[in-house]
Amino acid sequence: MARMEQVSLMELGKLAAEGQVEAEVFAQIAQCAQKMTKSNKPYLDVSFADAEGTMGLKVWEDKPWFRTLASLPLRSFVSLRGQWAKGGFGMEAADLEVRPLDEQEKESFLAGSGTLKKKQEADLKEICVLIKGMNDPRIRALCIEFIEQFGERLQRAAAARTYHHARRGGLVEHVAGMMRTASAVCQANPELNRDLLLAGCLFHDCGKLWENCYPKEDFTMPYSEAGELLGHIPLGIELVNNLWKRIMALPEAESWKTLDPASPDVRMHLLHLIASHHGELAFGSPVFPKTPEAVALHYIDNLDAKLEMFRGAYETSEALAPKVLQRKAPLPANVVLPLPSVLPLERDGADAMQ
Numbered sequence: 001m002a003r004m005e006q007v008s009l010m011e012l013g014k015l016a017a018e019g020q021v022e023a024e025v026f027a028q029i030a031q032c033a034q035k036m037t038k039s040n041k042p043y044l045d046v047s048f049a050d051a052e053g054t055m056g057l058k059v060w061e062d063k064p065w066f067r068t069l070a071s072l073p074l075r076s077f078v079s080l081r082g083q084w085a086k087g088g089f090g091m092e093a094a095d096l097e098v099r100p101l102d103e104q105e106k107e108s109f110l111a112g113s114g115t116l117k118k119k120q121e122a123d124l125k126e127i128c129v130l131i132k133g134m135n136d137p138r139i140r141a142l143c144i145e146f147i148e149q150f151g152e153r154l155q156r157a158a159a160a161r162t163y164h165h166a167r168r169g170g171l172v173e174h175v176a177g178m179m180r181t182a183s184a185v186c187q188a189n190p191e192l193n194r195d196l197l198l199a200g201c202l203f204h205d206c207g208k209l210w211e212n213c214y215p216k217e218d219f220t221m222p223y224s225e226a227g228e229l230l231g232h233i234p235l236g237i238e239l240v241n242n243l244w245k246r247i248m249a250l251p252e253a254e255s256w257k258t259l260d261p262a263s264p265d266v267r268m269h270l271l272h273l274i275a276s277h278h279g280e281l282a283f284g285s286p287v288f289p290k291t292p293e294a295v296a297l298h299y300i301d302n303l304d305a306k307l308e309m310f311r312g313a314y315e316t317s318e319a320l321a322p323k324v325l326q327r328k329a330p331l332p333a334n335v336v337l338p339l340p341s342v343l344p345l346e347r348d349g350a351d352a353m354q
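According to full-length UniProt numbering, numbering within the sequence shown proceeds without interruption in unit steps and concludes at 354.
And the structure:
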């Protein structure tokens, strides 16, 4: 049995899939419901959360830690140390020790893992660099206003609840990935309006700041009335309209009146990108993509989400055969390990001259 120090829930799932492992995880109790087996015996159905994901655990009544977990309030921050393995009911634990985190441990835990935090900070920095490089002063001002007002909230939002980038700060990762792809797509297709497409990447899911946002000191994503009644597309359109009114009241907006295309047209095209980015009416968009930038945004969004789903499947899905892993929803089929890239060969001086 492998022995590990403290790991994340995602790392634990990957390790346990390979065999029994002894490890400690810090987690928050997201859900804890007492249920009954078919033989009318109680058990706990517990869901734990951290900065990278969630983990379910069924705790049977005869386990010593049954009472400990049952007595802790929801949203408690705990240490779980024990022997872990994947079984017929998902994750299984043996010799589990459960204790509340102290204040110092809780503060460190809420900051997230160092690797993930560094990645998200780098992604936000790249978003800001791409914004500063925009030529259209109206779009640039709009994006800067958004980051200045809502950057902190953006870093707490997830791109989705389950399927992709479903973690605290996941929306920053998703937006940065899309903006990188959009920049490359525009280089290959110079007829596209680069500033408009980059802004579409930034704002397409901005309504999720109210639909999929984590509290400041919590790893459990709540539901919101606005998110349920409106959804992220109408919320995003409303936000951009409000930000647009704000930048149009800036002193420098006077010099924008002579710009071509006209400001009302720029606003309308950006709103169309937000409205149409799901691509189909059946998938929640009120309109189909009707401009080249809208079509590009839809496919860039889908590509970034799908690649993240594959990364998740490679990390957590069980092997069915060599190089074949079990399907992970919403992917339509089992996944196969990718073909590695060929690294460039070192050539001697004579070959390099040819």
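Glycine residues also receive a C-beta, built at the ideal position from the N, C-alpha and C atoms.
Asked, Found
"Evaluate the contact criterion for the region 122–139 versus the region 235–243: three or more CB pairs, one atom per stretch, below 8 Å.", "no"
"For the beta strand (DSSP E) containing residue 92, list its first residue and its last residue.", "90–100"
"Is it buried or exposed for residue 289, if we count other Cβ within 10 angstroms and need 16 for buried?", "buried"
"Considering only the beta carbon of each residue, do residue 74 and residue 30 sit closer than 9 Å?", "yes"
"For residue 5, which option in 48, 83, 68 has the closest C-alpha, if you only look at C-alpha atoms?", "83"
"For residue 148, count the other beta carbons within 10 Å of its own beta carbon; 16 or more makes it buried, fewer makes it exposed. Which is it?", "exposed"
"Among 294, 319, 321, 329, whose alpha-carbon lies nearest the alpha-carbon of residue 309?", "329"
"With a 10 Å radius around its C-beta and 16 neighbouring C-beta atoms as the bar for buried, classify residue 171 as buried or exposed.", "buried"
"Give the DSSP bridge partners of residue 29, in chain order.", "48"
"Is residue 80 near residue 52, with beta carbons less than 9 Å apart?", "no"
"Three or more C-beta pairs closer than 8 Å, one from the region 90–104 and one from the region 34–44: is that the case here?", "no"
"Helix, strand or coil for residue 280 per DSSP?", "coil"
"For residue 8, which three-state DSSP category applies?", "coil"
"Looking at C-alpha atoms only, which residue of 165, 266, 188 is the closest neighbour of residue 177?", "165"
"Consult DSSP for residue 77 and reduce its assignment to one of helix, strand or coil.", "strand"
"Under 8 Å, with one C-beta from each stretch per pair, do the region 242–254 and the region 195–202 reach the 3-pair mark?", "no"
"Quick one, which of 218, 221, 204, 337 has its alpha-carbon nearest residue 296's?", "204"
"Looking only at DSSP bridge pairs, what is residue 57 linked to?", "46"
"Quick check: residue 318 and residue 193, are their CB atoms within less than 9 Å of each other?", "no"
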